[in-house]
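Q: The listed protein sequences derive, respectively, from chains S and C. Residue numbers for the first sequence follow numbering that gives the first Met the number 0, so the first one is 0 and each next one is one higher. Residue numbers for the second sequence follow numbering that gives the first Met the number 0, so the first one is 0 and each next one is one higher. Note that beta-carbon positions come from the ideal geometry of N, C-alpha and C, so glycine has one too. Everything numeric in this text was worked out from a predicted model, so none of it was measured.
2 protein chains.
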Amino acid sequence: MRVIVADWGTTRFRGYLIENETVLDQVASDEGVSALQKGQHREIFLRRCGHWLNAHPDAPVLLVGMAGSREGWVEAPYAACPAGPADIAAALVSVDLEGGRQARIVPGLFCEPIPGASDVMRGEETLALGAGVEDGLICSAGTHPKWIEMRGGRLTRFATYMTGEMYALLREHSMISRPATEPEDPAGFALGLDAAHRNHGEHGVGLLHLLFGARAAVVSGRMGTGLLAPYLSGLLTGDEINGALAQFGRPASVTILASEDRAGLYVQALARHGIATQVKSPKAALIAGLARIARHQVRPDG
Amino acid sequence: MRVIVADWGTTRFRGYLIENETVLDQVASDEGVSALQKGQHREIFLRRCGHWLNAHPDAPVLLVGMAGSREGWVEAPYAACPAGPADIAAALVSVDLEGGRQARIVPGLFCEPIPGASDVMRGEETLALGAGVEDGLICSAGTHPKWIEMRGGRLTRFATYMTGEMYALLREHSMISRPATEPEDPAGFALGLDAAHRNHGEHGVGLLHLLFGARAAVVSGRMGTGLLAPYLSGLLTGDEINGALAQFGRPASVTILASEDRAGLYVQALARHGIATQVKSPKAALIAGLARIARHQVRPDG
Numbered sequence: 000m001r002v003i004v005a006d007w008g009t010t011r012f013r014g015y016l017i018e019n020e021t022v023l024d025q026v027a028s029d030e031g032v033s034a035l036q037k038g039q040h041r042e043i044f045l046r047r048c049g050h051w052l053n054a055h056p057d058a059p060v061l062l063v064g065m066a067g068s069r070e071g072w073v074e075a076p077y078a079a080c081p082a083g084p085a086d087i088a089a090a091l092v093s094v095d096l097e098g099g100r101q102a103r104i105v106p107g108l109f110c111e112p113i114p115g116a117s118d119v120m121r122g123e124e125t126l127a128l129g130a131g132v133e134d135g136l137i138c139s140a141g142t143h144p145k146w147i148e149m150r151g152g153r154l155t156r157f158a159t160y161m162t163g164e165m166y167a168l169l170r171e172h173s174m175i176s177r178p179a180t181e182p183e184d185p186a187g188f189a190l191g192l193d194a195a196h197r198n199h200g201e202h203g204v205g206l207l208h209l210l211f212g213a214r215a216a217v218v219s220g221r222m223g224t225g226l227l228a229p230y231l232s233g234l235l236t237g238d239e240i241n242g243a244l245a246q247f248g249r250p251a252s253v254t255i256l257a258s259e260d261r262a263g264l265y266v267q268a269l270a271r272h273g274i275a276t277q278v279k280s281p282k283a284a285l286i287a288g289l290a291r292i293a294r295h296q297v298r299p300d301g
Numbered sequence: 000m001r002v003i004v005a006d007w008g009t010t011r012f013r014g015y016l017i018e019n020e021t022v023l024d025q026v027a028s029d030e031g032v033s034a035l036q037k038g039q040h041r042e043i044f045l046r047r048c049g050h051w052l053n054a055h056p057d058a059p060v061l062l063v064g065m066a067g068s069r070e071g072w073v074e075a076p077y078a079a080c081p082a083g084p085a086d087i088a089a090a091l092v093s094v095d096l097e098g099g100r101q102a103r104i105v106p107g108l109f110c111e112p113i114p115g116a117s118d119v120m121r122g123e124e125t126l127a128l129g130a131g132v133e134d135g136l137i138c139s140a141g142t143h144p145k146w147i148e149m150r151g152g153r154l155t156r157f158a159t160y161m162t163g164e165m166y167a168l169l170r171e172h173s174m175i176s177r178p179a180t181e182p183e184d185p186a187g188f189a190l191g192l193d194a195a196h197r198n199h200g201e202h203g204v205g206l207l208h209l210l211f212g213a214r215a216a217v218v219s220g221r222m223g224t225g226l227l228a229p230y231l232s233g234l235l236t237g238d239e240i241n242g243a244l245a246q247f248g249r250p251a252s253v254t255i256l257a258s259e260d261r262a263g264l265y266v267q268a269l270a271r272h273g274i275a276t277q278v279k280s281p282k283a284a285l286i287a288g289l290a291r292i293a294r295h296q297v298r299p300d301g
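(1) Counting pairs of beta carbons, one from the stretch 131 to 145 of chain S and one from the stretch 87 to 101 of chain S, are three or more of them closer than 8 Å?
(2) Rounded to a whole number of angstroms, what is the C-alpha to C-alpha distance between T236 of chain C and Q39 of chain S?
(3) Quick one: is D6 of chain C buried, meaning 16 or more other Cβ sit within 10 Å of its Cβ, or exposed?
(4) Is the Cβ of F109 of chain C closer than 9 Å to any Cβ of chain S?
(5) Which residue marks the beginning of the beta strand (DSSP E) containing E148 of chain C, and which one marks its end?
(6) Look at G67 of chain S and G8 of chain S and say whether their C-beta atoms are less than 9 Å apart.
(7) Pull out every residue of the stretch 203 to 231 of chain C whose Cβ sits closer than 7 Å to any Cβ of chain S, in chain order.
(8) In whole angstroms, give me the CA-to-CA distance for G301 of chain S and E18 of chain S.
(9) To the nearest whole angstrom, what separates the beta carbons of A245 of chain C and H199 of chain S, a pair I think is in contact under 8 Å?
(10) Which residue wins for smallest C-alpha separation from A213 of chain C, given the options C:A275, C:I240, C:A293, C:S173?
(11) Can you check whether the C-beta of V119 of chain C is within less than 9 Å of a C-beta belonging to chain S?
(12) Quick one: does G301 of chain C have its CB under 9 Å from some CB of chain S?
(13) Does chain C have any CB closer than 9 Å to the CB of W7 of chain S?
(14) Here's the rule I'm using: 16 or more other beta-carbon atoms within 10 Å means buried, otherwise exposed. How should H208 of chain S be labelled?
(15) Assuming C138 of chain S is part of the beta strand (DSSP E), what are its boundary residues?
(16) Would K145 of chain S pass as a contact of A158 of chain S if the rule is Cβ separation under 9 Å?
(17) Grab me the residues of R13 of chain S's own chain with a C-beta within less than 6 Å of its C-beta, minus the 5 sequence neighbours each way, in chain order.
(18) Using only alpha-carbon positions, find the residue among C:L269, C:L231, C:S219 that is nearest to S117 of chain S.
(19) Please go through the same chain and pick out, in chain order, the residues whose beta-carbon is closer than 7 Å to the beta-carbon of E30 of chain S, but skip the five residues on each side of it.
(20) So if I threshold CB-CB distances at 8 Å, which residues from the stretch 147 to 165 of chain S count as touching chain C?
(21) Output the distance between the C-alpha atoms of F109 of chain C and V22 of chain S, rounded to the nearest integer angstrom.
(22) Please return the same chain residues whose Cβ sits closer than 8 Å to the Cβ of S258 of chain S, not counting the five positions on each side in sequence.
(23) Give me the Cα-Cα distance between L190 of chain S and D57 of chain S, rounded to the nearest whole angstrom.
(24) Considering S93 of chain C, what are the terminal residues of the beta strand (DSSP E) in which it resides?
Below, the structure is given as structure tokens:
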């Protein structure tokens, strides 16, 4: 079965023509939802993917990501956890293309980690469904890493960490990292992981203190300036992992969806906890997840 | 005894002519150290305070704050904890004024909270010495709040939190607080304190998760947009207090040095832990601390 899909993010539009989990053709542009006004989305989609619509008149069309956010084509309300491919296929939101044809937007997921608390995702639910994990823990490690618990092929709970954005805030806007110099010494990452242990458990001293301590170590001459940026990265990553293991327990293994460079940091950090890792490509997981949702959409019992 | 003092910070110069703990006269300007080049400091000081030097030819001159930083008049190396007035008076660093007269710069303090970890302060040591606390816990709640343990009139340990700077980073540069609207609903502060409890102890879920959760609560319609900014303030303040109590134990009472508005937030947050508070003026503590250091400088046994 051929399917036309688009991963429509904040800054990028990526269209794919897929058959099962194979990409037959692809297009990409900078027309992310943050660059568009309400009402432009149909025109952009037809301009980029219209030739596939004509060539494959029976192919379902699925959109995933920020296309379904308040700033997107149309808001697709968050579906609730636990959710598997059938639940998500049942919650797809349709938009008109042309000639009676429709595209269906994959909704994001809402999760209440404890009563009264909140977490949301848009797009990572599709990666999780394509990661090949029926039961286990997935870490989708983008700018806002998401730890996702899978049970029986459904997403049961998840927790988002603002780790990547926090690192960028500290590097670009904070006095904390002002003494940092190039070239970076990657040994700082492991030192930051060490420091994160001080924030674990009932004697945890507070991430806001450990971040200041990184600067203090440099301005007092205790740490080299080239170590500072990787140290901050290690401290934030280690603190994220402390929290994720506290929420989801300590698994034997975690599946990491990330680019190779970023995945390597998680492999290193989790190895210190004695946890094995499988690294998978986020793009392959996305395509596989969309193919699964499309199969459920076409054959609800599939 | 009359003393000429200056609180020379990053953005402000504040000079005082004091007698014991009474301010007889004062000057202020925007000539903080970040606005000055090396070599300008003497001229600025003489322009602002030269009339006091002439009128009080025997008055000691003390400078405190960023005047002693690497970017200041001259770098005053951090003294080590534990430190009392005598230790700090013995570590003063002299700079030439004119006609053989000297000003003395109060050094900052370095502290090793655990072996290999680091913390530093410049200026808050003087506030702590003037806070009237011989034994107890002080919270000097500026942009980078410092929790200071006093034993026998000396600063034994301290821990800095980047709480105020983090709040500013989140408000000004992060997607976390983008849905926040005016007018703010101050009830959000207590909700943020509630959330901070989820990050306390061995099941702590991670501050980076709770920050994202604040945004998730708003975009999923679970929390009003006017609550978001005070919620973030409460979450950060509560997490700071969790960490400080883990490091310094749970005292019956904490002395807070802060403006009334900011102090009120700490009073509210500590009351939830059953901890009483005394609020004191940072300016009064600074003047009292400088007077103590000056007495030790003039009469080392005083």
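A: In short, the structure shows the following:
(1) no
(2) In the second sequence, residue 236 of chain C corresponds to position 237, counting from 1. In the first sequence, residue 39 of chain S corresponds to position 40, counting from 1. Their backbone Cα atoms lie some 43 Å apart in a straight line.
(3) On the second sequence, residue 6 of chain C is found 7 positions in, with the first residue counted as 1. By the neighbour-count rule (16 or more Cβ atoms within 10 Å), D6 of chain C is buried.
(4) Within the second sequence, the letter at position 110 stands for residue 109 of chain C. Closer than 9 Å: yes.
(5) Looking up residue 148 of chain C in the second sequence gives position 149. Unbroken beta strand (DSSP E) run through E148 of chain C: 145 to 150.
(6) Residue 67 of chain S sits at position 68 when you count from the first residue of the first sequence. Residue 8 of chain S sits at position 9 when you count from the first residue of the first sequence. The answer is no: Cβ separation not under 9 Å.
(7) G203, V204, G205, L206, L207, H208, L210, F211, G212, A215, A216, V218, S219, R221
(8) The count along the first sequence starts at 1 and reaches residue 301 of chain S at position 302. The count along the first sequence starts at 1 and reaches residue 18 of chain S at position 19. Confidence at G301 of chain S is low in this model, with a pLDDT of 45, below 50, so its placement is unreliable and the value that follows should be read with caution. In a straight line, the C-alpha of G301 of chain S is about 16 Å away from that of E18 of chain S.
(9) Working through the second sequence from its first residue, we reach residue 245 of chain C at position 246. Working through the first sequence from its first residue, we reach residue 199 of chain S at position 200. Contact flag wrong, Cβ pair sits at about 11 Å.
(10) As a working mapping, residue 213 of chain C is identified with position 214 in the second sequence. Ranking C:A275, C:I240, C:A293, C:S173 by Cα distance to A213 of chain C puts C:S173 first.
(11) By one-based count along the second sequence, residue 119 of chain C stands at place 120. Judged by the 9 Å Cβ criterion, V119 of chain C is in contact with chain S.
(12) As a position in the second sequence, residue 301 of chain C is number 302, starting the count at 1. Note that G301 of chain C scores a pLDDT of 45, beneath 50, so its modelled location is shaky; the value from the coordinates is reported in the next line. So no, G301 of chain C is outside the interface.
(13) To locate residue 7 of chain S, count along the first sequence from 1; it is residue 8. Chain C, which has no Cβ nearer than 9 Å to the Cβ of W7 of chain S, makes this no.
(14) Position 209 of the first sequence holds residue 208 of chain S. Buried.
(15) To locate residue 138 of chain S, count along the first sequence from 1; it is residue 139. C138 of chain S -> beta strand (DSSP E) spans 135 to 139.
(16) To locate residue 145 of chain S, count along the first sequence from 1; it is residue 146. To locate residue 158 of chain S, count along the first sequence from 1; it is residue 159. Their beta carbons are under 9 Å apart, which means K145 of chain S touches A158 of chain S by this criterion.
(17) To locate residue 13 of chain S, count along the first sequence from 1; it is residue 14. Excluding sequence neighbours, R13 of chain S sits near D6, A27.
(18) Your numbering for residue 117 of chain S matches position 118 in the first sequence. Out of C:L269, C:L231, C:S219, C:S219 has the C-alpha closest to the C-alpha of S117 of chain S.
(19) By 1-based counting over the first sequence, the position of residue 30 of chain S is 31. Around E30 of chain S: F12, I43.
(20) A158, T159, Y160, M161, T162, E164, M165
(21) Your numbering for residue 109 of chain C matches position 110 in the second sequence. Your numbering for residue 22 of chain S matches position 23 in the first sequence. If I take the Cα positions, the gap works out to 58 Å.
(22) The count along the first sequence starts at 1 and reaches residue 258 of chain S at position 259. Counting only Cβ-Cβ distances below 8 Å, and skipping sequence neighbours, we find P281.
(23) In the first sequence, the residue the question calls residue 190 of chain S occupies position 191. In the first sequence, the residue the question calls residue 57 of chain S occupies position 58. If you take the alpha carbons of L190 of chain S and D57 of chain S, they lie about 55 Å apart.
(24) Reading the second sequence from its first residue, position 94 is the one you call residue 93 of chain C. According to the DSSP assignment, S93 of chain C belongs to the beta strand (DSSP E) that extends over 92 to 95.
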